[in-house]
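Working notes, structure below.
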Amino acid sequence: MIPRVRFAPSPTGYLHVGGARTALFNWLYARRAGGVFVLRIEDTDAERSSDAMVEGILDGLRWLGLAWDEGPKIGGEHGPYFQSQRFDRHRDVAARLVAERLAYYCYCTPEELSAKRAAAEQTTGGWKYDRTCCALTDREIASREEARMARAIRFRVPEGTTRFDDLVHGPIEFDHANIEDFVILRSDGLPTYQLSVVSDDVDMKITHVVRGDDHISNTPKQILIYRAMGAALPQFAHVPLILGPDKKRLSKRHGATSVMEYARGGYLPEAMTNFLALLGWSPGGDRELLTRDELVAAFALEGISGGNAVFNPEKLDWFNQQHLMRLAPDELALRVKPSFEAAGQWRDEFLGDRRAWFFSVLDLFRPRAKRLDDFAAQSRFFFVDTLEYDAAAVEKHLRATDMDEHLVALDAAFASLDTFDPVSIEAALRSVADARGVKAGSLIHAMRVAVTGKTVSPGLFDVLSLLGRARVRQRLAEARRVGATSAS
RNA sequence: GUCCCCAUCGUCCAGAGGCCCAGGACGUGGCCCUUUCAAGGCCAAAACACGGGUUCGAAUCCCGUUGGGGACGCCA
């Protein structure tokens with residue numbers, strides 16, 4: 027039997043990092059086990075669901091590279107994949123359970139229930155449905171039906187206990203005494219979550235239910251439904267939640283929680299998945315930096331730890347940086363392109379004739395970039411005609427004693443070089459420094475300001491070489507003017 | 001209030017009775033490299049929540065306490 031897993035988000039918000047990790051675990055499991063990854067949209071709550079949210083979630087999954095084998099857009103044998111299109115089936119199941127006396131009609135109104143609940147909370151503190159309608163005789167039911175009273179359907183919870191072996195937590199047991207007769211079909215005829223998940227998971231032949239820890243307490247209710255339906259149980263794996271730095275469940279007030287915010291923020295999906303995968307799971311040993319294929323190869327539900335995990339943005343940054351450094355050149359170029367375009371620094375020849383040069387420039391910034399857009403920002407001086415000079419830098423390095431003469435000497439030295447490569451340039455600069463009795467450092471700093479406008483850049487000789495002799499000499503001349511003007 | 005889950009450095013993990021006076025990573029501090037900033041290398045500080053058992057031996061097993069989280073809806 028091939029494993030079938032599913033990710034079943036409700037489109038009441040964008041894909042957040044917690045949901046993303048749940049999706050990732052499902053996807054990893056499917057890929058690892060040669061199974062099928064199903065995407066099902068749980069839009070039972072029409073009030074809070076919207077098409078925009080559905081698209082948002084799909085975008086998030088696509089960005090992460092978590093392609094689904096069955097689901098929205100692509101369909102599949104077990105569709106439809108929108109829960110709202112499966113209500114008839116849910117109603118059938120509910121009706122069947124009523125017919126089999128495994129569920130019953132409940133005519134209690136929401137008002138009555140909340141009053142009872144409020145009263146109970148005053149005294150005992152806890153409340154469980156009192157089974158008023160469970161005790162109704164056939165005659166009483168018939169008269170209520172005749173009166174067309176609104177009624178919901180409740181599941182008749184039998185006495186006993188339910189236990190299951192959770193793949194991450196091990197055996198978990200619940201006493202039915204703590205489970206009330208829960209509603210499976212609302213009085214408006216729509217199913218509740220408990221019914222629709224089970225019904226759909228059964229129909230979609232889901233073999234492994236991998237979802238958040240917060241569903242543990244729903245599991246016994248759902249198992250009861252599986253049994254009542256006469257369906258085989260899937261395996262359950264409840265993965266721990268992701269918490270904010272304050273140890274509270276991650277939410278908007280913790281900052282970015284939508285995965286698309288990270289996409290826009292210059293993060294690599296491979297870094298995100300690597301980071302998310304290791305939040306609560308470990309391949310064992312000390313391995314941390316893993317490619318997507320390595321994650322798939324190493325993944326096992328059993329390796330997921332039981333405790334909640336705190337989201338650590340600094341570590342995400344580190345993963346991003348590491349993956350940035352390992353990205354293939356053409357891949358990097360492609361990913362960086364949008365931000366170069368946005369900065370007005372893009373030219374198609376960077377993927378054509380100037381490809382080698384462009385890749386070299388990018389390589390200079392790899393160890394310095396944390397996000398994708400850092401490349402465009404930090405390398406800007408390579409792509410503009412007129413530099414913006416940092417005033418303090420100009421003051422400190424360009425207006426140092428005798429610097430103008432030193433620059434003239436450097437220009438001459440550069441002009442006479444056979445090849446304008448880093449090694450030759452460095453040798454030339456150092457010999458000028460020697461000859462003029464100044465420290466090479468002072469010339470290096472001055473040159474850096476001259477060609478980049480700033481005090482911070484990649485290694486100067488690499489920068490000069492890639493800038494090319496003509497532009498370097500041009501900027502040298504410009505720098506001398508800048509150094510001269512308003513020099514006090 | 002009831003039920004459930006969890007408990008190793010600040011954070012994420014390793015550890016499945018002796019290999020552990022506990023290992024890796026992020027972060028932090030220092031040093032090295034060095035033309036700046038990074039990256040990289042080296043070093044350091046930093047944890048088995050507590051109390052009982054079981055055992056020749058416990059971070060690892062059991063019980064309790066405490067702490068944290070989650071669930072208790074005609075939401076999902």
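So the working numbering is basically just the index in the first sequence, starting at one, shifted up by 26.
C-beta atoms are modelled at their ideal positions from N, C-alpha and C, and glycine is treated no differently.
Predicted model, so just to flag it, every value in this text is computed and none were measured.
Query, Result
"According to the Cβ coordinates, are residue 211 and residue 251 closer than 8 Å?", "no"
"Distance, Cα to Cα, residue 244 vs residue 191?", "14 Å"
"Are residue 109 and residue 226 closer than 8 Å when you measure CB to CB?", "yes"
"Can you tell me which of the three DSSP states residue 481 falls into?", "coil"
"If you check the beta carbons only, do residue 419 and residue 475 fall under 8 Å apart?", "yes"
"Output yes or no for whether 8 Å exceeds the beta carbon distance between residue 349 and residue 296.", "yes"
"Which residues mark the beginning and the end of the beta strand (DSSP E) in which residue 232 is found?", "That residue, residue 232, is in no beta strand (DSSP E); it is neither H nor E in DSSP."
"Buried or exposed: which applies to residue 317, given that a residue is buried once 16 or more other Cβ atoms fall within 10 Å of its Cβ?", "exposed"
"Could you give the distance in angstroms between the alpha-carbon of residue 551 and the alpha-carbon of residue 157?", "Nothing about residue 551 can be read from this structure; the chain reaches only from 27 to 514."
"Using the three-state DSSP reduction, which class does residue 189 fall into: helix, strand or coil?", "strand"
"With a CB to CB cut of under 6 Å and the five nearest residues on each side skipped, what residues in its chain are close to residue 515?", "Any answer about residue 515 is impossible in this case: the structure gives the chain only from 27 up to 514."
"Okay, do the region 466 to 481 and the region 403 to 417 touch, 3+ Cβ pairs below 8 Å being the bar?", "yes"
"Roughly how many angstroms separate the alpha carbons of residue 58 and residue 324, rounded to a whole number?", "8 Å"
"If you run the structure through DSSP and keep just helix, strand and coil, what is residue 461?", "helix"
"Excluding the 5 residues flanking residue 133 on each side, which residues of the same chain have their C-beta closer than 6 Å to its C-beta?", "159, 170, 175, 177"
"Could you check if residue 336 is buried or exposed, using at least 16 other CB atoms within 10 Å of its CB as the buried criterion?", "exposed"
"Could you pull out every residue in the same chain whose Cβ sits closer than 8 Å to the Cβ of residue 95, ignoring the five residues on either side in sequence?", "56, 62, 63, 64, 102"
"Straight-line CA distance for residue 50 to residue 43?", "10 Å"
"Looking at the unbroken alpha helix (DSSP H) that takes in residue 339, where does it start and where does it end?", "339 to 352"
"Return helix, strand or coil for residue 502, following the three-state DSSP convention.", "helix"
"Bridge partners for residue 132 per DSSP, in chain order?", "178"
"Going by alpha carbons, who is nearest to residue 538 out of 70, 135, 431, 162?", "Residue 538 is absent from the structure shown; the chain starts at 27 and stops at 514."
"With residue 196 as the anchor, note down where its beta strand (DSSP E) starts and where it stops.", "196 to 201"
"Exposed or buried, what is residue 47 when buried is set at 16 or more other beta-carbons lying within 10 Å of its beta-carbon?", "buried"
"Enumerate, from N- to C-terminal direction, the unbroken alpha helix (DSSP H) stretches of 4 or more residues contained entirely within the region 385 to 410.", "399 to 404"
"Provide the residue(s) that pair with residue 217 in DSSP beta bridges, ordered along the chain.", "211"
"Could you name the residues of the same chain whose beta carbon sits closer than 8 Å to that of residue 361, not counting the 5 residues immediately before and after it, in chain order?", "294, 353, 398"
"May I ask you to list the residues that DSSP assigns as paired with residue 62?", "30"
"Compute the Euclidean distance between the alpha carbons of residue 467 and residue 490, then round it to the nearest angstrom.", "15 Å"
"For residue 100, which residues of its own chain have a beta-carbon under 8 Å away from its beta-carbon, when the five flanking residues on both sides are left out?", "94"
"Can you give me the C-alpha to C-alpha distance between residue 366 and residue 402, rounded to a whole angstrom?", "5 Å"
"Going by DSSP, what residues sit across from residue 269 in a beta bridge?", "275, 336"
"Would you kindly check if the distance between the Cβ of residue 232 and the Cβ of residue 31 is under 8 Å?", "yes"
"When you compare only the Cα positions, how much space is there between residue 314 and residue 27?", "32 Å"
"Buried or exposed, going by whether 16 or more other CB atoms sit within 10 Å of the CB of residue 502?", "buried"
"Which whole-angstrom value is the C-beta distance of residue 492 and residue 469, which I expect to be below 8 Å?", "Not confirmed; about 19 Å, so no contact."
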